[in-house]
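Q: 46 is the number of the first residue of the sequence shown in this note's numbering; add one for each residue after it. Note that the Cβ used here is the ideal one computed from N, Cα and C, for glycine as well. If you're wondering where the values come from, they're calculated on a predicted model, not measured in any experiment. Encoded as C-alpha cells, here's the structure I'll be asking about.
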Amino acid sequence: MTNEVKPLDVSADSEPEALERTAKGHRVRLRYGKGLRGRFLIRLLDPVAAERRAVRLRALAELLSSAGHSAEAPIILRKAAAVQSEKDFAEAARVAEELCRESPTALKKVRASAVTFEMLGRDWTSGRLHQKWPDHVKLKSSADKDAGRLAFLYDTIGKVRLEAFTLEDAERAMGKIDVGRSSATRRHYAQLISKVLRLAVYPCRIIEHSPLPVGFLPRVKTTKATAYLYPSEEAKLLAHKPIPLERRAFYGLLAREGMRRGEALALTWADVDLERGAVRLDTNKTDDPRAWALSPGVAATLAQLKPEKVAPTALVFSGLGELHHIAATFRADLGAAGVKRAELTERSAVRRPIRLHDLRATFVTLSLAAGRSEAWVSDRTGHKSSIMINKYRRAARSAGELGLGDLRPLDVALPELAALRESAEGGPEGGPATRPALQHLAAGSAKTQTVSSSSPYRTRTGTTLRSEDFKSPAYAIPPRGLGGVGIALAGGARPPKLTLLDA
Numbered sequence: 046m047t048n049e050v051k052p053l054d055v056s057a058d059s060e061p062e063a064l065e066r067t068a069k070g071h072r073v074r075l076r077y078g079k080g081l082r083g084r085f086l087i088r089l090l091d092p093v094a095a096e097r098r099a100v101r102l103r104a105l106a107e108l109l110s111s112a113g114h115s116a117e118a119p120i121i122l123r124k125a126a127a128v129q130s131e132k133d134f135a136e137a138a139r140v141a142e143e144l145c146r147e148s149p150t151a152l153k154k155v156r157a158s159a160v161t162f163e164m165l166g167r168d169w170t171s172g173r174l175h176q177k178w179p180d181h182v183k184l185k186s187s188a189d190k191d192a193g194r195l196a197f198l199y200d201t202i203g204k205v206r207l208e209a210f211t212l213e214d215a216e217r218a219m220g221k222i223d224v225g226r227s228s229a230t231r232r233h234y235a236q237l238i239s240k241v242l243r244l245a246v247y248p249c250r251i252i253e254h255s256p257l258p259v260g261f262l263p264r265v266k267t268t269k270a271t272a273y274l275y276p277s278e279e280a281k282l283l284a285h286k287p288i289p290l291e292r293r294a295f296y297g298l299l300a301r302e303g304m305r306r307g308e309a310l311a312l313t314w315a316d317v318d319l320e321r322g323a324v325r326l327d328t329n330k331t332d333d334p335r336a337w338a339l340s341p342g343v344a345a346t347l348a349q350l351k352p353e354k355v356a357p358t359a360l361v362f363s364g365l366g367e368l369h370h371i372a373a374t375f376r377a378d379l380g381a382a383g384v385k386r387a388e389l390t391e392r393s394a395v396r397r398p399i400r401l402h403d404l405r406a407t408f409v410t411l412s413l414a415a416g417r418s419e420a421w422v423s424d425r426t427g428h429k430s431s432i433m434i435n436k437y438r439r440a441a442r443s444a445g446e447l448g449l450g451d452l453r454p455l456d457v458a459l460p461e462l463a464a465l466r467e468s469a470e471g472g473p474e475g476g477p478a479t480r481p482a483l484q485h486l487a488a489g490s491a492k493t494q495t496v497s498s499s500s501p502y503r504t505r506t507g508t509t510l511r512s513e514d515f516k517s518p519a520y521a522i523p524p525r526g527l528g529g530v531g532i533a534l535a536g537g538a539r540p541p542k543l544t545l546l547d548a
C-alpha cells in the first residue's frame with residue numbers, strides 16, 4: 046500500500062542561509078547528499094524574499110538527500126530556485142515530494158528539522174495554525190500582545206530548531222527578562238514558551254514531547270493592592286471638558302458596563318442595538334459570547350455620539366485606536382481633572398497605581414455595594430468563577446459603609462449631553478412634567494407604555510428620582526418605531542443631535 050505523504054509545509058520566517066548577491070538575484074550553497082554540494086541561483090532581487098526561498102530550498106535538498114534522490118536533486122533545486130512565483134515553487138516542491146512518496150519518514154524528519162521556535166510562534170499568533178486545526182488551536186484574541194512578547198523571546202531562542210529545543214534554551218530566554226518585572230509577567234513569558242512547545246507536540250507533531258518539566262512555570266507572588274474610583278472622582282473626570290469627549294465617554298462606559306478595555310475598543314455599531322438599548326460581545330477573551338441591557342444613560346450617550354451615516358462594522362470608539370500608553374493617559378487625565386487621592390498614584394512594593402483596567406474594578410465594587418447580584422455582575426464582566434468576583438467584596442463592603450453611592454447616568458455626567466437635556470427642557474430645574482426620560486424605544490406597537498415605580502432602570506442607574514416621578518407622563522416610553530434611544534420629552538420633542546468636533 047502506498048504511504049500517504051502530507052505536502053511539505055515549511056514556513057518562510059526561519060534563519061536564512063548565507064546568500065551571495067549577484068546581478069540576477071542571489072546565489073545560495075546547498076548540500077544535497079554526502080559530499081555533494083552546489084550553488085543555485087535564486088532569481089529574486091528582494092533580499093528578504095531570497096532568504097525565505099533559501100530556507101525552503103534547504104528543506105527540499107534535505108528531503109531529496111534523505112530519501113536517496115541525490116541524483117535528481119540538482120535538477121529540481123535549480124528549477125525551484127529559479128522560479129519567480131510561489132505557485133511555480135509549489136509545483137517544484139510537489140515533484141520532490143512525489144519522488145519521496147515511498148520515504149515518508151524522511152519527509153517527516155525534514156519537516157521537523159526545518160521548523161524553528163519563531164516559525165511556529167508566528168504561525169500561532171497569525172492564526173495560521175487555527176485555520177489548519179480549528180478544533181485544537183483556538184484563535185487568539187490577544188494575538189497582538191502575545192506576538193509582542195514572543196518577539197522579545199525570538200531574539201534569544203527564535204532560531205532554535207524545535208527538534209533540538211532543550212530546557213536550557215527556555216531558561217536562557219527567561220534569563221533575558223528583567224528581574225524587576227512582576228512574577229505575573231515572567232509567568233506569562235514562560236507560558237508562551239510552554240504553549241509553543243505543546244503545539245509542536247500536538248497537533249503539529251513536530252516533536253514527541255515537550256522538554257519543559259512540571260514546575261517550569263514561575264509562581265505568581267501575592268497580588269499588589271489596587272484602587273478603584275469613587276463616584277465623586279469619576280464625576281470630576283467625566284466633567285473635565287479639556288479631555289476629548291470620546292475618551293471621557295469611553296471611560297464612562299468601562300465604569301458602568303464592566304467591559305474589558307479590549308472589548309470596548311473592539312465594539313462596533315453592529316454590536317450595539319440602540320433601539321432596545323442592548324449590547325452583545327460575541328468575541329471576547331473567554332470565548333463566551335454574552336449580551337445584556339445597557340444602562341439607559343450609556344445607551345442614550347451612544348445614541349447621541351453615533352454619526353448620522355456610519356457603517357455597521359465601524360468601531361464605536363474609532364478615535365482611540367491609536368492611543369498608546371493608555372494607562373498613563375488615564376492617570377494623566379485624572380490628575381488634570383483634579384483627582385488627587387494619593388493611593389491612585391502610589392507605586393510601591395505592595396501597591397500599584399490605578400490602571401484603566403481598574404475602571405472594571407470600579408464597576409464590580411460599586412455594583413456589589415449597591416446590592417446587585419453576582420450573576421448580574423458576571424453577565425456583564427464575563428467572569429467565569431465566583432472566586433474572581435469575591436475578590437471585590439471587601440472593597441464593596443467598605444464602599445457601602447462609606448456611603449459612596451453609585452455613578453451618575455453617563456449622559457448626565459458628560460456636561461455636553463447634560464447641556465442638551467437642559468436646552469431641550471428649557472432650564473435645569475424643570476418639574477416632573479418637563480424632565481427628560483431616557484428610556485428604551487420599544488419596537489412594533491404604537492401604544493405608549495408607562496414605566497412603573499419598580500422599573501429596573503431606576504435601580505440600576507442609581508438615580509435619585511422619586512417613585513412618583515417614574516409614574517409621571519414625562520416618563521412614558523415614546524411610540525415604537527421612532528428610531529434609536531434618545532432624550533424623549535413628554536411633549537414628543539427631542540434635543541438636537543450632538544455633533545463631535547475635532548479638538
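1. Just confirm the distance between the C-beta atoms of Leu283 and Leu365, as a whole number of angstroms; I'd bet it's less than 8 angstroms.
2. Rounding to the nearest angstrom, what Cα-Cα distance links Leu89 and Glu65 in this structure?
3. Starting from the N-terminal side, write out each stretch of the alpha helix (DSSP H) that is 4 residues or longer and does not extend beyond the stretch 226 to 293.
4. Near Ala141, what residues of its chain come up, given a Cβ to Cβ distance below 7 angstroms and the 5 sequence neighbours on each side ignored?
5. Could you tell me the boundaries of the beta strand (DSSP E) in which Thr407 lies?
6. For Ala125, is the classification buried or exposed, using 16 other Cβ atoms within 10 angstroms of its Cβ as the cut-off for buried?
7. Could you check where the alpha helix (DSSP H) with Arg82 kicks off and where it finishes?
8. From the DSSP output, read off the bridge partner residues of His369.
9. For Ala218 and Arg206, what's the separation of their Cα atoms in angstroms?
10. Name the one or two DSSP bridge partners that Asp318 has.
11. Buried or exposed: which applies to Leu558, given that a residue is buried once 16 or more other Cβ atoms fall within 10 Å of its Cβ?
12. Check Ala338 in the structure and name its three-state DSSP category.
13. From the DSSP output, read off the bridge partner residues of Leu64.
14. Leu144 and Glu117 look like a contact to me (Cβ under 8 angstroms); what is the Cβ gap, rounded to whole Å?
15. Measure the alpha-carbon distance for Glu634 versus His370 and round it to whole angstroms.
16. Give the DSSP-derived three-state secondary structure of Leu452 in the structure shown.
17. If Ala406 and Tyr275 are in contact, beta carbons under 8 angstroms, what's the gap, nearest whole angstrom?
18. Take Ile251 and list the residues in its own chain whose beta-carbon comes closer than 6 angstroms to its own, dropping the five residues that flank it on each side.
19. Does the Cβ-Cβ distance between Val409 and Gly303 come in under 9 angstroms?
20. Going by DSSP in three states, Leu350 sits in which element: helix, strand or coil?
21. With distances taken Cα to Cα, identify the nearest neighbour of Ala344 among Ala359, Gly322, Lys354 and Lys351.
22. Label His254 either buried or exposed according to how many other C-beta atoms from any shown protein chain fall within 10 Å of its C-beta, with 16 as the threshold for buried.
A: Reading off the structure:
1. In the sequence shown, the residue the question calls residue 283 occupies position 238. In the sequence shown, the residue the question calls residue 365 occupies position 320. Rounded, the Cβ-Cβ distance is 15 angstroms, inconsistent with contact.
2. What you label residue 89 is simply residue 44 of the sequence shown in a count that begins at 1. What you label residue 65 is simply residue 20 of the sequence shown in a count that begins at 1. A straight line joining the alpha-carbon of Leu89 with that of Glu65 spans about 12 angstroms.
3. DSSP runs (the alpha helix (DSSP H)) wholly in the stretch 226 to 293: 228 to 246 and 276 to 284.
4. Working through the sequence shown from its first residue, we reach residue 141 at position 96. Cβ within range, chain order: Leu105, Leu108, Leu109 and Ile121.
5. Taking the sequence shown and counting its residues from 1, one reaches residue 407 at position 362. Membership of Thr407 in any beta strand (DSSP E) is not indicated; the residue belongs instead to the alpha helix (DSSP H) covering Asp403 to Ala414.
6. As a working note, residue 125 is residue 80 in the sequence shown. Ala125 is buried by the Cβ-count criterion.
7. Residue mapping note: residue 82 aligns to position 37 of the sequence shown, counting from 1. No alpha helix (DSSP H) contains Arg82, which is instead part of the beta strand (DSSP E) from Leu81 to Ile87.
8. One-based indexing of the sequence shown puts residue 369 at position 324. Residue pairing by DSSP places His369 opposite no residue, since no beta bridge is assigned to it.
9. Within the sequence shown, numbered from 1, the residue matching residue 218 stands at position 173. Within the sequence shown, numbered from 1, the residue matching residue 206 stands at position 161. About 14 angstroms.
10. Along the sequence shown, one-based indexing puts residue 318 at 273. Looking at the DSSP assignment, Asp318 forms a beta bridge with Ala323.
11. Since the first residue shown for the chain is 46 and the last is 548, residue 558 is missing from the structure and cannot be characterised.
12. Sequence index remark: in the sequence shown, residue 338 carries index 293 (1-based). For Ala338, the three-state secondary structure derived from DSSP is strand.
13. In the sequence shown, the residue the question calls residue 64 occupies position 19. Leu64 is bridged by DSSP to Val73.
14. What you label residue 144 is simply residue 99 of the sequence shown in a count that begins at 1. What you label residue 117 is simply residue 72 of the sequence shown in a count that begins at 1. Between Glu117 and Leu144 the Cβ distance is about 6 angstroms, and since that is below 8 angstroms, they are a contact.
15. Summary: the structure shown does not reach residue 634, with the chain confined to residues 46 through 548, and so no result is reported for it.
16. Within the sequence shown, the letter at position 407 stands for residue 452. Correct three-state label for Leu452: coil.
17. Position 361 of the sequence shown, counting from 1, holds the residue named residue 406. Position 230 of the sequence shown, counting from 1, holds the residue named residue 275. With a Cβ gap of about 12 angstroms, Ala406 and Tyr275 do not count as contacting.
18. Here residue 251 corresponds to residue number 206 of the sequence shown, with the count starting at 1. Within the same chain, and ignoring the five residues on either side of Ile251 in sequence, the residues whose Cβ sits closer than 6 angstroms to its Cβ are Ala157, Val160, Leu207 and Ala245.
19. Counting from one through the sequence shown, the residue named residue 409 turns up at place 364. Counting from one through the sequence shown, the residue named residue 303 turns up at place 258. The answer is yes: Cβ separation under 9 angstroms.
20. If you number the sequence shown from 1, residue 350 lands on position 305. Look at Leu350 here: in three-state DSSP terms it is helix.
21. As a working note, residue 344 is residue 299 in the sequence shown. Comparing Cα-Cα distances from Ala344 to each of Ala359, Gly322, Lys354 and Lys351, the minimum goes to Gly322.
22. Along the sequence shown, read from residue 1 onward, the residue named residue 254 stands at position 209. Counting Cβ neighbours within 10 Å, His254 comes out exposed, since fewer than 16 surround it.
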